[in-house]
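Protein chains: 2
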Amino acid sequence: MLTLKRLPIDTGHENVAFLSRACTVYHAEEFQSVPKVAVSDDRTTLLATLNLVDDPDLLGPDELGLSEQAFRQLGRPAGTRVTITEAPPPPSLDSVRAKIRGRALDPGEIRAVVADVVGERYSRMELAAFLVASAGFLTTEEVLALTRAMVETGNRLEWHERLVVDKHCIGGIPGHRTSMIVVPIVAAHGLPIPKTSSRAITSPSGTADTMEVLAGVDVPMNRLRDIIDRERGCIVWGGHMNLAPADDRMIAVERPLGFDTPEQMVASILSKKLAAGSTHLLVDIPVGPTAKVRSATEAARLRKLFEYVADRTGVVLDTVVSDASEPVGNGIGPVLEVRDVLKVLRGDADAPRDLRDKALMLAGRVLDFDPGLRGGAGRERAQDLVDSGAALKALERIVRAQGPVNPDDPLHPGAAPADKVHVVRSPADGTVRALDCERLSALARLAGAPTEKGAGLDLLCKTGDRVRAGDPLYRLHAALDTDFRTAARAADAASGYTVA
Amino acid sequence: MLTLKRLPIDTGHENVAFLSRACTVYHAEEFQSVPKVAVSDDRTTLLATLNLVDDPDLLGPDELGLSEQAFRQLGRPAGTRVTITEAPPPPSLDSVRAKIRGRALDPGEIRAVVADVVGERYSRMELAAFLVASAGFLTTEEVLALTRAMVETGNRLEWHERLVVDKHCIGGIPGHRTSMIVVPIVAAHGLPIPKTSSRAITSPSGTADTMEVLAGVDVPMNRLRDIIDRERGCIVWGGHMNLAPADDRMIAVERPLGFDTPEQMVASILSKKLAAGSTHLLVDIPVGPTAKVRSATEAARLRKLFEYVADRTGVVLDTVVSDASEPVGNGIGPVLEVRDVLKVLRGDADAPRDLRDKALMLAGRVLDFDPGLRGGAGRERAQDLVDSGAALKALERIVRAQGPVNPDDPLHPGAAPADKVHVVRSPADGTVRALDCERLSALARLAGAPTEKGAGLDLLCKTGDRVRAGDPLYRLHAALDTDFRTAARAADAASGYTVA
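Next up, the structure:
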């Protein structure tokens, strides 16, 4: 038996165990070529990669060290007596091999793969093998089975409501902060809309990052239930709720590899929404030359796949295929986006029209789920709720309930636009012909968004606007000197605007 | 700047760097989500995964720790001033994404991928993505480009000979130690045959493991050249020669994932042989119900792919498609295989006929490469070289040249069959109908082969033999008590023999 020791080493996503090369209980070298070891006491077991240690000060010969995350995950005190054994490879890897050879998997096989992924029994290499083989081809039945398996292997929220609505945008468009307008409108109408959002992974801001400018987004489950009971809406971070946890593991591999097939997108989005307890869902599919989906054909294929899986998992689904040739709204980055959102909800004359129109259209389509409304009346109802100030009040109540950053004035942002400002100007007289969504996202991130809440871009003109040489196209805001220099240089080199 | 420190932690195949969370030079948390960091001084750079450390005794705030292998690879002394930066992902990952989406890559793209693999700029996850996407489909042109790229990114041996011959078996059949018979026959004839072999990865013995029972196999390049000049043949381990090093990296991912497509097999084998300087190559493709290749159609496809690439890379290629319904020879495991090899070369009456016939056939086909021999005369010439004792003498000279385990008697094995013996007996009267190659390999490994040189199986009958209940089928040899118990129990549960 070995004695458990916590080592002050943070190994990120990976569980690592440490054994002294001078160990007298086990022949350490024997474990060196083993892919994973199982660390066990009489109650629990944890899989980890094994590293060998040659320093008696760091680890005694009969101690077993665990990295910070592994120690926490095992959940047993230092000094516990543990054993290690070679962890056998999970049998579901046979299904991964079959998938690599091009076979469709049955639901039982897919469930076994997903269960092993959630149980951390796959290495990142093995998970990549499954995902890449699945990117090659996945039947609609497999997408359905994958969605179900991802829901079944995590928590599932129950709201005890007849209707629980949600909206989701498949992403890729900077700015575009419609959720923070749609949620208060729908909540003001009285439909429950518990919105769980992500933080930015590759974008300049996720809905959770932007909401955080006004309120706390890390809300425990029991408080969340109260908030929905009273306020009907919320905008919180879903990361700690263990909803479709397989999705998080898969995204952690898909993002760095940079692929995102329609099949994996549908399984990812619908599993999260099913786990979050949605009964009615509006999916927004923006199509544009620099967006995630680039043609109408692609959008139609994606829509049909969403419908196939939604119909068989009991979600009422509506889709919007929208034009996405440029960013929606003027601000890109948390603080600048909040400013746009508040302008729309306050009915300010200078509120960005495109953001206002898109948000009202989406809110209308969500309200159309309400059997109490006359067909097609949603859009007008949404407009009324904004004009009357009811939606703005709903947002204020939601911010108060989640924990406002400024308790005295809940709608006052917790930060201002960052104060180092670089103005990017038109190189010539002409008309703005195109904005490159990918480029503008990259520049906003270079400027520091979303880590620096006030960093990002403030767009001063859009496609179709006439400009003269030297006219400002957008302002770049940064908080840190290094970010400012890097981002300004990059914007001058390639602004993301085409003027001709 | 940080101060370099060597940490006494062995992280296996992975380079790991350690930074204190209290670091004052860098904001440590910023690097936490970065896939890889580049550690640099003014002379050199190393890529590594970054772990954070919370213990000032282990790592000071302005020190950078490196794991054993990373420290060795960087090759700079402790105390060197180094910097860290986020390592940009290698641009060739765009080609991996294109491959995932199903596009054929051009030779330049493939060369860039292979160069980044050899330069350790791919994580195992990224390499798995490339290999799995390639397993989906790879055109013949891509196989050719891959083969060439794998040769170009490593060392290439030059022999200054008109003809340099070799033979290679694609594997999967236990026993089958033909190389140790073919090499001395061909060397006795006078054709240069510098055989570089692998150690066992998933089999009970590789040619290098078996040769090691008689001689050293880790021979430096300059001595190897002398040996070929004088003795014409050698049987050495090729692992340290940096021949097609991309192949080794790829195999390290393919083996645990357990896939091996014809395309990857051809690129792997031909790149190694081209790098080893072979001009003429005989490839043996065993076909059988429990072998790697299971049908004549599959064998024909594989043969044509070998021919396509060999023709375009200037290798003269001959192939043998052979029956492989059962192990070849009686011994499975290093010492037992050496015993069979010596019996054949000595012309002993009880030498295994199947091993003798197969080895003479292969040697004959290799000798047929010699333009000085009359077409088809190779087989008879091979027989003469065995009958005259010339082949046995050639093996003795090769063993002496490589460094004999027993200098006084070079052909005396360095170890005897292991002394714990379990006899597996026929459960019934009848005829031996089938031997399962996979099962018998697994049992030999459980018994301790190839780590324990004397461990393995000694087959006492083959397909077609009539047996009575209780007759011995094979003897299992093990050196260690634990191996013996496990292997004997497994053999009694499923012997690998079908008697009916």
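Chains A and B, in that order, give the protein sequences.
If you're matching positions, the first sequence starts at 7 in this note's numbering and goes up one per residue.
If you're matching positions, the second sequence starts at 7 in this note's numbering and goes up one per residue.
Glycine included, every Cβ here is placed at the ideal spot set by N, Cα and C.
Bear in mind the structure is a predicted one, so any value in this text is a computation, not a measurement.
Under 7 Å, do residue i and residue j count as touching if we go by C-beta distance?
| i | j | result |
| --- | --- | --- |
| Gly-177/A | Val-334/A | no |
| Val-124/B | Ser-101/B | no |
| Pro-358/B | Pro-456/B | no |
| Val-344/B | Thr-146/B | no |
| Leu-263/A | Gly-160/A | no |
| His-246/A | Val-171/A | no |
| Pro-210/A | Gly-462/A | yes |
| Val-372/B | Phe-312/B | no |
| Gly-337/B | Asp-346/B | yes |
| Leu-189/B | Ile-179/B | The sequence shown places Val at residue 189/B, not Leu. It is not a contact, given that the beta carbons lie outside the stated cut-off. |
| Phe-490/A | Ala-484/A | yes |
| Ala-110/A | Glu-148/A | yes |
| Leu-368/B | Thr-184/B | yes |
| Arg-127/B | Pro-94/B | no |
| Asp-266/B | Trp-243/B | no |
| Lys-173/A | Leu-280/A | no |
Using C-beta distances below 7 Å, list every residue in its chain close to residue i, excluding the 5 sequence neighbours before and after it, in chain order.
| i | result |
| --- | --- |
| Arg-362/A | Val-350 |
| Ala-221/A | Val-405, Gln-408, Gly-409, Pro-410 and Val-411 |
| Ala-76/B | Asn-21, Val-22, Ala-23, Leu-52 and Ala-54 |
| Leu-144/B | Glu-269 |
| Gln-389/A | Leu-366 |
By the criterion of Cβ-Cβ separation under 8 Å, what are the contact partners of residue i in chain A?
| i | result |
| --- | --- |
| Leu-58/B | Ile-15 and Asp-16 |
| Ala-134/B | Met-131, Glu-132, Ala-134, Ala-135 and Val-138 |
| Arg-103/B | Leu-263, Gly-264 and Phe-265 |
| Val-259/B | Met-131 |
Can you find the residues in the same chain that come closer than 8 Å, C-beta to C-beta, to residue i, ignoring five residues on each side of it along the sequence?
| i | result |
| --- | --- |
| Glu-386/B | Gly-370 |
| Leu-417/B | Leu-220, Leu-348, Leu-398, Leu-401, Glu-402 and Val-405 |
| Arg-300/B | Val-293 and Gly-294 |
| Arg-439/B | Thr-469, Thr-504, Val-505 and Ala-506 |
Which chain B residues sit within Cβ distance under 7 Å of residue i?
| i | result |
| --- | --- |
| Asp-61/A | Pro-14 |
| Ala-141/A | Ile-106 |
| Leu-398/A | By Cβ distance, chain B contributes nothing, its closest Cβ being about 36 Å from Leu-398/A, past 7 Å. |
| Pro-41/A | Pro-262 |
| Leu-276/A | The contacting residues do not exist; Leu-276/A stays about 22 Å from chain B at best. |
Between residue i and the rest of its own chain, which residues show a CB-CB distance below 6 Å, the 5 nearest in sequence each way excluded?
| i | result |
| --- | --- |
| Ala-194/B | Leu-391, Ala-396, Ala-397 and Ala-400 |
| Asp-435/B | Arg-474 and Ala-475 |
| Asp-360/A | Val-334 |
| Asp-374/B | Gly-384 |
| Arg-309/B | Thr-325 |
| Gly-507/A | There is simply no residue 507/A to check, as chain A begins at 7 and stops at 506 in what is shown. |
| Leu-276/B | Thr-153 and Val-315 |
| Cys-29/A | Pro-67 |
Name, please, each residue of chain A whose Cβ falls closer than 7 Å to the Cβ of residue i.
| i | result |
| --- | --- |
| Leu-361/B | Per Cβ cutoff of 7 Å: no residues; Leu-361/B is ~31 Å from chain A at best. |
| Val-45/B | In chain order: nothing, as chain A lies at least about 17 Å away. |
| Leu-70/B | Residues of chain A passing the Cβ test: none, with the nearest at roughly 14 Å. |
- Query: Should the stretch 308–328 of chain A be regarded as contacting the stretch 204–211 of chain A, the criterion being three or more beta carbon pairs within less than 8 Å?
  - Reply: Fewer than three Cβ pairs drawn from the stretch 308–328 of chain A and the stretch 204–211 of chain A lie within less than 8 Å of each other, which leaves the two stretches out of contact.
- Could I get the ranges of all uninterrupted beta strand (DSSP E) runs contained in the stretch 225–303 of chain B, with 3 residues as the minimum, in chain order? 239–243 and 286–293
- Message: When you compare the stretch 348–355 of chain A with the stretch 391–399 of chain A, are there three or more beta-carbon pairs, one atom per stretch, that lie closer than 8 Å?
- Response: yes
- Please specify which runs of the alpha helix (DSSP H), each continuous and at least 4 residues long, are wholly inside the stretch 306–365 of chain A, giving them in chain order. Restricted to the stretch 306–365 of chain A, the alpha helix (DSSP H) segments that are unbroken, complete and at least 4 residues in length are 340–352, listed in chain order.
- Query: With contact counted as at least three CB pairs below 8 Å, one residue from each stretch, are the stretch 51–71 of chain B and the stretch 7–21 of chain A in contact?
  - Reply: yes
- Where are the beta strand (DSSP E) runs, 3 residues long or more, that stay fully inside the stretch 79–128 of chain A, in chain order? Listed in chain order, the complete beta strand (DSSP E) runs (minimum 3 residues) inside the stretch 79–128 of chain A are 87–92.
- At 4 residues or longer, and completely inside the stretch 360–438 of chain A: list those alpha helix (DSSP H) runs for me, N to C. DSSP runs (the alpha helix (DSSP H)) wholly in the stretch 360–438 of chain A: 384–393 and 396–408.
- Please determine if the stretch 83–97 of chain A and the stretch 26–36 of chain B are in contact, where contact requires at least 3 C-beta pairs separated by less than 8 Å. no
- Would the stretch 227–235 of chain B and the stretch 424–433 of chain B be scored as touching if the rule is three or more Cβ pairs under 8 Å? no
- Task: Give a yes or no on contact between the stretch 255–262 of chain B and the stretch 161–170 of chain B, applying the rule of three or more CB pairs nearer than 8 Å.
- Result: no
- Proximal residues, the stretch 420–449 of chain A versus chain E, C-beta separation under 9 Å: Looking for chain E here will not work: the only protein chains present are A and B.
- Quick one: which unbroken alpha helix (DSSP H) runs of 4-plus residues sit fully inside the stretch 169–213 of chain B? Chain order, please. The qualifying runs are 185–195.
- Task: Only counting runs of 3 or more residues, tell me where the beta strand (DSSP E) segments fall wholly within the stretch 12–90 of chain B, in order along the chain.
- Result: 22–26, 43–46, 51–59 and 69–72
- Query: Which runs of the alpha helix (DSSP H) fall wholly inside the stretch 436–471 of chain A and span at least 4 residues, in chain order?
  - Reply: 443–452
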